[in-house]
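Protein chains in written order, with my numbering: chain E, -17 to 333; chain V, 266 to 594; chain A, 942 to 1428.
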Amino acid sequence: MSLGRIARHLWPTVPVLIALVITGLLLVVFGVSPQVGFGAMLQGAFGDPSRVLSVAAFWVPIALASVGLVVTFTAGLWNIGVEGQIVIGAIAASWVALKFNFPGPMQITFEILAAMFAGAIWAGVTAILKTRGKVHEIFGGLALNNLAIIFTNYLISGPWQPPEGGTFRGTVPFPAKALLPLYGDSRLSPISVVMLIAAVVVVFLLLRGSYWGLKLKALGKNPSSAFLLGVSSERETILALMFCGALAGLAGAVRVTSWFDSLRQSISGGIGYLALLVVMLSAFRVLLIPFIAFFFSAVLNGSITLQLRTQLHSSLGGILTGVLVLMVLLFGELRQLKRFDERRVGSRPDE
Amino acid sequence: MSDSELVRILSSIVLQSTPLAIAVCGETITERAGVVNLSLDGTMLLSAMVGFVAGLLSESVWVGFLAAAGVGALFAFIIAFGSIRLRKDQFAVGFVLTLLGDELSAFLGQNYTRIPGQKVSHLGIPLLKDIPILGPIFFDHDPVVYFAFILVGITWWWMFRTQHGLRLRSAGERPEAGFVRGINVNRLRYIYTLVGGSLVGIAGAAYSLDIKLGWSEGHTRGLGWIALAIVIFGGWSPIRGAFGALLFGASKALAAALQRSFPEESVVVFNATPWVLMIAVLLLVGSDATDRLIVLAPRRFQSRLRQLLRVRPPGALGTLFIPGESGGE
Amino acid sequence: MKVAIRDIRKYFGQVKANDGISLVLEPGQIYGLLGENGAGKSTLMKILSGYHQPDSGQIELDDKDVKFSSPAEALANGVGMIYQDPLDVPSMRAVENYLLGRDSRINLAYSGATSEMIENASQLGFEIDPQAFIDTLSIGERQQLELLRLLALGAEVLILDEPTTGISADQKEGLFTSIRKLAKESGKTVILVSHKLSEVQELCDHVLVLCKGKFVGAVDIPCSTERLVQLMFKEIPPRSSRVSYIREQNLLELSQVEFEGERLTVTEINLNVRAGEVFGLAGLEGSGQKLLLQACAGLIQPKRGKIILDREDVTRFSYHQMRAASVAYLPAGRLEEGLVAGLSLTEHMALARPQQGFVVDWNYFQRETQSQIDKYQIVGRPETLVHELSGGNQQRALFALLRSPLKLLLLEHPTRGLDVLSAQWIWQLLVNRVEEGGSILFYSADLDELVERSDRIAAFSGGMMSRIVTATETTADEIGHLIGGEQ
Chain E
-17 MSLGRIARHL WPTVPVLIAL VITGLLLVVF GVSPQVGFGA MLQGAFGDPS RVLSVAAFWV
43 PIALASVGLV VTFTAGLWNI GVEGQIVIGA IAASWVALKF NFPGPMQITF EILAAMFAGA
103 IWAGVTAILK TRGKVHEIFG GLALNNLAII FTNYLISGPW QPPEGGTFRG TVPFPAKALL
163 PLYGDSRLSP ISVVMLIAAV VVVFLLLRGS YWGLKLKALG KNPSSAFLLG VSSERETILA
223 LMFCGALAGL AGAVRVTSWF DSLRQSISGG IGYLALLVVM LSAFRVLLIP FIAFFFSAVL
283 NGSITLQLRT QLHSSLGGIL TGVLVLMVLL FGELRQLKRF DERRVGSRPD E
Chain V
266 MSDSELVRIL SSIVLQSTPL AIAVCGETIT ERAGVVNLSL DGTMLLSAMV GFVAGLLSES
326 VWVGFLAAAG VGALFAFIIA FGSIRLRKDQ FAVGFVLTLL GDELSAFLGQ NYTRIPGQKV
386 SHLGIPLLKD IPILGPIFFD HDPVVYFAFI LVGITWWWMF RTQHGLRLRS AGERPEAGFV
446 RGINVNRLRY IYTLVGGSLV GIAGAAYSLD IKLGWSEGHT RGLGWIALAI VIFGGWSPIR
506 GAFGALLFGA SKALAAALQR SFPEESVVVF NATPWVLMIA VLLLVGSDAT DRLIVLAPRR
566 FQSRLRQLLR VRPPGALGTL FIPGESGGE
Chain A
942 MKVAIRDIRK YFGQVKANDG ISLVLEPGQI YGLLGENGAG KSTLMKILSG YHQPDSGQIE
1002 LDDKDVKFSS PAEALANGVG MIYQDPLDVP SMRAVENYLL GRDSRINLAY SGATSEMIEN
1062 ASQLGFEIDP QAFIDTLSIG ERQQLELLRL LALGAEVLIL DEPTTGISAD QKEGLFTSIR
1122 KLAKESGKTV ILVSHKLSEV QELCDHVLVL CKGKFVGAVD IPCSTERLVQ LMFKEIPPRS
1182 SRVSYIREQN LLELSQVEFE GERLTVTEIN LNVRAGEVFG LAGLEGSGQK LLLQACAGLI
1242 QPKRGKIILD REDVTRFSYH QMRAASVAYL PAGRLEEGLV AGLSLTEHMA LARPQQGFVV
1302 DWNYFQRETQ SQIDKYQIVG RPETLVHELS GGNQQRALFA LLRSPLKLLL LEHPTRGLDV
1362 LSAQWIWQLL VNRVEEGGSI LFYSADLDEL VERSDRIAAF SGGMMSRIVT ATETTADEIG
1422 HLIGGEQ
């Protein structure tokens, strides 16, 4: 094998290596040997079955949001607002949990439906702001993210505060029947895993095999040509965002009824932003998302153990994943992220 | 509310708006050259932390500012390099850097949270600060605030009154026109992105060394995004951008005042204000509202007004420029 | 300054834009550069002005070999070009555009520049407002500004690309006076790229004619129009007798239609196209033909007038509605406007056909695409991404995506980039559609194609449509005149 071919095969691992090296350096600078540091992270994620289940429980909402984001990215949209859509979904689910008492499994079902509906509407607001108000979806999404969080804090410290008084930690806990059934002692809800698999399958089929998926793809690559081919930019933008919002809302519902038992201040805690990274790393390949999301979840859970053992701040995990994505973005061959809008001198046809 | 209290509030607004004004000025420069630096929020977080720690360790605020500017320049360089040389998506790289900046600031600053550090010392300008009303509002602050005044002024002058400003604007508006006049568009883009990024770094330090002293996780979170919105609201002009920063500062002060009167509900209002305002100003700018207003004015003023209230983004913002030939037909 | 162009060659892929051109231009003379679209005039001038680099050949200024690697370098050597769409910065003022890149001094000498501009302009015979913003100026005024700038920077050779488009008669007179002064009194070498034969005759001393990348002749003015047209358009072979499929009824009627483009207002269009007819539009790029097609496609709303399609008033129809009414529009910019780079042929086929339900039957479309590939002889497979196809094949792909049956086909440059045989064969397919009762409205830069394929032809010039001529009865001469703006 020629040197060139070896290089090309090994190339995808370079970003991973760089990320590991940088993380290792940071560990050393802060007085922790890489062995101990990485060891702690590995232990924290995979040390024993209960930890793996924890990683899995953290994984599901990230993966759900990521799967939804593939749809918006396909349409060429930057749905930074996914974080707020998760939060609003959690809020809606909490509302149903606290205010309604449906028989048996209907309770959870309605919570989930409410969450998906709320997430879709929240995303719809961003969409309308964009299509009618010409407000870029990054700003619309960001503002709505913060508004959702502010709303959460208001609910926690106000109307939904626990009986012993507002602690700013969370609302009054939900009744048991409002929560998703968990596997053993873990926080993993098997139902949520089923829903995730369903979501992956649905989005995969949608993007591959439906007219809508094809239209989104055309819209994302060249809106003007897509228009001539019959694709309505406004309609598809709104639908794509709402679809992602629904899945994000679902992620929020899963968070608030399995990972937690009530609405918390950091009910999402950046899962939406994490999901954006997952999608960037996956190069928009739906089937890769669950695996990349699991990796991210493992790293983040591992870094909590790292903090416990070494007193080092758990953001190290975020640094590792961030550097990884950055390296892949800069030096990888992600053709999907290349733009076709280059301006060349003399690019108009000659006469 | 008494006169002196009003003056005090206005003075406080000027102080509080300073970091934002500096950041807006920096990003205005970058975007005028045609590059979008989406990493502002992360840059400001990291530079606020680095500025504080550097200031603490060196016992000099100025070293802190220098270090912070370096951080800003580094992030800006990554974006410029990734975009111009590697031709990757500006937004994607910027966004990842936003998150990275946040994480890095939390990690690297973990041993320095909530401890007292350096503070920029007060420096009222003699004579000027004694002018009734205007004096305390503008001239009774510290060097960082004066720096912001001078910065906005110099940026405006540079951009609109010098040859270099013409070149800067041509790079972002119509790079082909600059190219045909012998201007190295991409080199200019590198330079101004770095300059703008350094200013954003300084803005972050201005926060932790002057306004909200010290460092804690998420210290400046949100400011960078607001700065990006204000750049748009300010029509990519440094002076209007500074007004935008003051506007946001004023809205916060107003919300704070409300909080004193209605403590219960107004926490929500206080926190929500900047974000609602962000949407409102962007809606205003994106719609035809300004054009319709201009048409109502007397004819003589219309062209002036149009120039004053322009909200068109630089024509080539965010696009790649590739000097050299391409195929004709 | 004397300019010698020696054996310049420039290829863009397969296209020989300049195929061994040699010319000598003397100072103090005004040259007209004539030629059809695609003759290579623009490419040659872009090479001379430093925009492009030749693949081979030499340029000599005052008998010295020169090589320019950029337009700025060319200007430093004395060669400046004014484009039809001048390269200026729209959001800046005239004086700022004038000063941009001029020198490295920090401060802008506004007052100096302003008086300089006004004085030089009046010397040349026109007025400018240095404070005006470029985006409020007409193209003619922007060209004047560029002229001032180039002269101030020492241009000895001036190339003007279609300078009289979009300026008033008075301004034109003024411009011509300036040009004569520049040549006769200041000894500049002026090259005027134009298609307006009458103006070339009025202003120039000599005429150089390019055709298909080659230099085919030079004449001195005075010279008859017929001679010029003969040189430019060669002899058009008489149309081969062919069956006409024209039917009785009008398919498309435009009455007093007026619409506005970005730079051009097209007025008083009265046009009837009958079912089974092929109607050709001639004229230079940017004269209004594209706007007419876009208006018929529903992409532009007419400001005045009525459009009737098959007895239905479609004036207010949107693009999607026209599409549903069996009108198809094939734009010229294949990747920019018609095709989606990054999508495969099969995916395009799925989008182009009427939507059937929710799920895409990929197997069906794979087969359908393959059969279209065979039918249109596209070099590619169903899964090939369209931006990987050659230009000619992209053109064929656009045709393959058309639905059947269609009432009206609106085509821009239908066979651009195709070799003769392929063009022939595309037209055969188009004729089939016409046979079935559909109509075609198309524009092309290729006069041969227009005469050969159309039933009737009209020419566009500056937003006005000429009288309509019958293809079997017209001559190259006549069409040349029509394109040149005469009636």
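Just so it is clear, CB atoms sit at the ideal spot from N, CA and C, and this is done for glycine as well. Model, not experiment: these values are computed from the prediction.
Please classify residue i: is it buried, with 16 or more other beta-carbons within 10 angstroms of its beta-carbon, or exposed?
i, result
"M88 (chain E)", "exposed"
"D1076 (chain A)", "exposed"
"A158 (chain E)", "exposed"
"V327 (chain E)", "At V327 (chain E), the pLDDT of 39 sits below 50, so the modelled position is not reliable and the matter cannot be decided from this model."
"L558 (chain V)", "exposed"
"H1354 (chain A)", "buried"
"G5 (chain E)", "Before going on, a small fix: residue 5 (chain E) reads as Thr here, not Gly. Buried."
"Q1084 (chain A)", "buried"
"D1254 (chain A)", "exposed"
"I253 (chain E)", "buried"
"K1129 (chain A)", "buried"
"D332 (chain E)", "Note that D332 (chain E) has pLDDT 35, beneath the 50 cutoff, so the model's placement of it is unreliable and the number below is only indicative. Buried."
"A180 (chain E)", "exposed"
Which whole-angstrom value is the C-beta distance of residue i and residue j, which I expect to be below 8 Å?
i, j, result
"L1347 (chain A)", "I1132 (chain A)", "That pair is no contact at about 44 Å."
"V261 (chain E)", "V52 (chain E)", "6 Å"
"E1419 (chain A)", "C1152 (chain A)", "That belief does not hold up - the Cβ atoms of E1419 (chain A) and C1152 (chain A) are roughly 19 Å apart, past 8 Å."
"I402 (chain V)", "L512 (chain V)", "Between L512 (chain V) and I402 (chain V) the Cβ distance is about 16 Å, and since that is not below 8 Å, they are no contact."
"V272 (chain V)", "V410 (chain V)", "At roughly 16 Å, the Cβ-Cβ gap does not stay under 8 Å, so V272 (chain V) and V410 (chain V) are not in contact."
"L1225 (chain A)", "F1200 (chain A)", "Actually they are not in contact, since the Cβ atoms of L1225 (chain A) and F1200 (chain A) sit about 19 Å apart, beyond 8 Å."
"G66 (chain E)", "A130 (chain E)", "4 Å"
"L196 (chain E)", "V1301 (chain A)", "6 Å"
"R1215 (chain A)", "N1191 (chain A)", "5 Å"
"S277 (chain V)", "A581 (chain V)", "At roughly 39 Å, the Cβ-Cβ gap does not stay under 8 Å, so S277 (chain V) and A581 (chain V) are not in contact."
Which chain A residues are close to residue i, counting only those with a beta carbon under 7 Å from its beta carbon?
i, result
"A208 (chain E)", "V1281"
"S192 (chain E)", "F1299, V1300 and V1301"
"A200 (chain E)", "V1281, L1284 and L1292"
"K203 (chain E)", "V1281, A1282, G1283 and L1284"
"I448 (chain V)", "G1042"
Output, in chain order, the set of chain E residues within a Cβ distance shorter than 9 Å of residue i.
i, result
"F1200 (chain A)", "The contacting residues do not exist; F1200 (chain A) stays about 18 Å from chain E at best."
"L519 (chain V)", "Per Cβ cutoff of 9 Å: no residues; L519 (chain V) is ~17 Å from chain E at best."
"Q1311 (chain A)", "None at all; the shortest Cβ gap to chain E is about 18 Å."
By the criterion of Cβ-Cβ separation under 7 Å, what are the contact partners of residue i in chain V?
i, result
"S297 (chain E)", "E368, A371 and F372"
Run down chain B in chain order and give the residues with a C-beta less than 7 Å from the C-beta of residue i.
i, result
"G212 (chain E)", "The displayed structure is made up of protein chains E, V and A, and chain B is not among them."
Would residue i and residue j qualify as a contact pair, given that the criterion is a beta-carbon distance under 8 Å?
i, j, result
"G466 (chain V)", "G382 (chain V)", "no"
"F404 (chain V)", "I390 (chain V)", "yes"
"A958 (chain A)", "Y952 (chain A)", "yes"
"S1091 (chain A)", "L1099 (chain A)", "According to the sequence shown, residue 1091 (chain A) is Leu rather than Ser. Yes. Within cutoff."
"A507 (chain V)", "V289 (chain V)", "yes"
"V185 (chain E)", "V268 (chain E)", "yes"
"I294 (chain V)", "G461 (chain V)", "yes"
"L310 (chain V)", "G366 (chain V)", "yes"
"G291 (chain V)", "A468 (chain V)", "yes"
"N302 (chain V)", "I344 (chain V)", "yes"
Using a Cβ cut-off of 8 Å, pull out every chain E residue sitting near residue i, in sequence order please.
i, result
"G487 (chain V)", "N128"
"E1288 (chain A)", "L196, K199 and A200"
By the criterion of Cβ-Cβ separation under 7 Å, what are the contact partners of residue i in chain E?
i, result
"N536 (chain V)", "I132"
Jot down the residue ranges of each uninterrupted alpha helix (DSSP H) in the region 27 to 93 of chain E, minimum 4 residues, whole runs only, in chain order.
The qualifying runs are 31 to 56 and 64 to 81.
Jot down the residue ranges of each uninterrupted beta strand (DSSP E) in the region 1364 to 1409 of chain A, minimum 3 residues, whole runs only, in chain order.
Uninterrupted beta strand (DSSP E) stretches at least 3 residues long and entirely within the region 1364 to 1409 of chain A occur at 1380 to 1384 and 1397 to 1402, given in chain order.
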